[in-house]
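So the structure is just underneath, and the comments pick up after that.
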Amino acid sequence: MRLSLREVSLNFGGVRALDGVSFDVEPGSVHAVIGPNGAGKSSCFNAVCGIYAVGGSIRLGDRELTGLPPHVVAGLGVARAFQNIALGGADTVLDNLMVARHHLTGAGFVSAGLGLRRVRREEHRHRLRVTEIAEFSGLADVLDTPVAELSYGDRKRVEFARALAMEPRVLLLDEPVAGMTYHEKAATVALIRETREVLGVSVVLVEHDMPLVMGLADRITVLDFGRVIADGPPAHVREHPDVLRAYLGAHP
Ligand SMILES: Nc1ncnc2c1ncn2[C@@H]1O[C@H](COP(=O)(O)OP(=O)(O)OP(=O)(O)O)[C@@H](O)[C@H]1O
Ligand SMILES: [Mg+2]
Numbered sequence: 001m002r003l004s005l006r007e008v009s010l011n012f013g014g015v016r017a018l019d020g021v022s023f024d025v026e027p028g029s030v031h032a033v034i035g036p037n038g039a040g041k042s043s044c045f046n047a048v049c050g051i052y053a054v055g056g057s058i059r060l061g062d063r064e065l066t067g068l069p070p071h072v073v074a075g076l077g078v079a080r081a082f083q084n085i086a087l088g089g090a091d092t093v094l095d096n097l098m099v100a101r102h103h104l105t106g107a108g109f110v111s112a113g114l115g116l117r118r119v120r121r122e123e124h125r126h127r128l129r130v131t132e133i134a135e136f137s138g139l140a141d142v143l144d145t146p147v148a149e150l151s152y153g154d155r156k157r158v159e160f161a162r163a164l165a166m167e168p169r170v171l172l173l174d175e176p177v178a179g180m181t182y183h184e185k186a187a188t189v190a191l192i193r194e195t196r197e198v199l200g201v202s203v204v205l206v207e208h209d210m211p212l213v214m215g216l217a218d219r220i221t222v223l224d225f226g227r228v229i230a231d232g233p234p235a236h237v238r239e240h241p242d243v244l245r246a247y248l249g250a251h252p
């Protein structure tokens, strides 16, 4: 399903965090959003997730997302992994992934309205799916480990798996490899590729690691001062004079 932003704008007091931002994320693609610090990348994600009310239009397929609260946007298939890990540390990996599926369970596992047998059957089904997602994400061995006991790289991977457990159509990743070792980065890149290829989920990522972005993204949108200054395949964006200027900090 295509995610389309049209003339999206967002102000914080006098700061124009987003200023008429338009771009499309094609179904089943890896799409990077890059730009200097303060360019509006995280604001763009917050806008898509329904955290801030914005001007303009944000659509997933035919559905207008602007004006919808975050849990409804999530339910429509937009999941997000956070820049700073937002997991329950004391809980196991399994618990964290099960909680992420809450919006898929309708009334919830423990609804008094459901018969106990049905509740058990539903919980079992979710547990199987969560185990699959953990295996896919390379977490099968730590399913019963409290998140707080994991390495930083594994915790970032749980954050990724938590977003996948929401069964998204579009996955938003804010700096997914920040602070990772070389090997952890390589594993995450492989996981992002498989998410696109095996699950058919579109991935939108904000990332400062340029070689990684250039090698991974199908398409790149470059923001600077809340505006789109370039949009296209990596080869196009890499050569764009405005992009070079923004990254060298040579603003007129
Ligand atoms: N909650 C907020 N209140 C006020 N200003 C904000 C808020 N969030 C972001 N801004 C401002 O909006 C602009 C865009 O910020 P944003 O966090 O989207 O940038 P970014 O591209 O994600 O930067 P970074 O690479 O540092 O993460 C900045 O000028 C920032 O100071
Ligand atoms: Mg940011």
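Residue numbers (UniProt numbering): 1 to 252. C-beta atoms are modelled at their ideal positions from N, C-alpha and C, and glycine is treated no differently.
Is it buried or exposed, residue i, if we count other Cβ atoms within 10 angstroms and call 16 or more buried?
i	result
residue 10	buried
residue 23	buried
residue 15	exposed
residue 181	exposed
residue 160	buried
residue 168	buried
Measure the CB-CB distance between residue i and residue j and report whether it falls below 8 Å.
i	j	result
residue 221	residue 209	no
residue 80	residue 172	yes
residue 61	residue 98	no
Quick one: residues in its chain with C-beta nearer than 7 Å to the C-beta of residue i, no 5 flanking neighbours on either side, listed in chain order?
i	result
residue 69	50
residue 94	130, 143 and 144
Tell me which residues share the same chain as residue i and place their Cβ nearer than 8 Å to its Cβ, disregarding the 5 neighbours each side in the sequence.
i	result
residue 58	3, 4, 5, 6, 8, 47, 48, 64, 65 and 66
residue 193	30 and 216
residue 54	8, 9, 10, 18, 47 and 66
residue 52	10, 43 and 46
residue 212	177, 185 and 189
residue 243	222, 229, 230 and 237
residue 233	218, 219 and 220
Can you tell me the Cβ-Cβ gap for residue i and residue j, rounded? I've got them flagged as a contact below 8 Å.
i	j	result
residue 31	residue 155	No, residue 31 and residue 155 are not in contact; Cβ-Cβ is about 25 Å, not under 8 Å.
residue 197	residue 176	Incorrect: roughly 17 Å between the Cβ atoms, too far for contact.
residue 158	residue 139	6 Å
residue 25	residue 204	6 Å
residue 224	residue 36	6 Å
Using CA coordinates, which residue listed in the options is at the minimum distance from residue i?
i	options	result
residue 127	138, 116, 115 and 144	144
residue 202	224, 164 and 212	164
residue 74	92, 166, 132 and 243	166
residue 179	191, 195 and 151	151
Could you pull out every residue in the same chain whose Cβ sits closer than 6 Å to the Cβ of residue i, ignoring the five residues on either side in sequence?
i	result
residue 184	153
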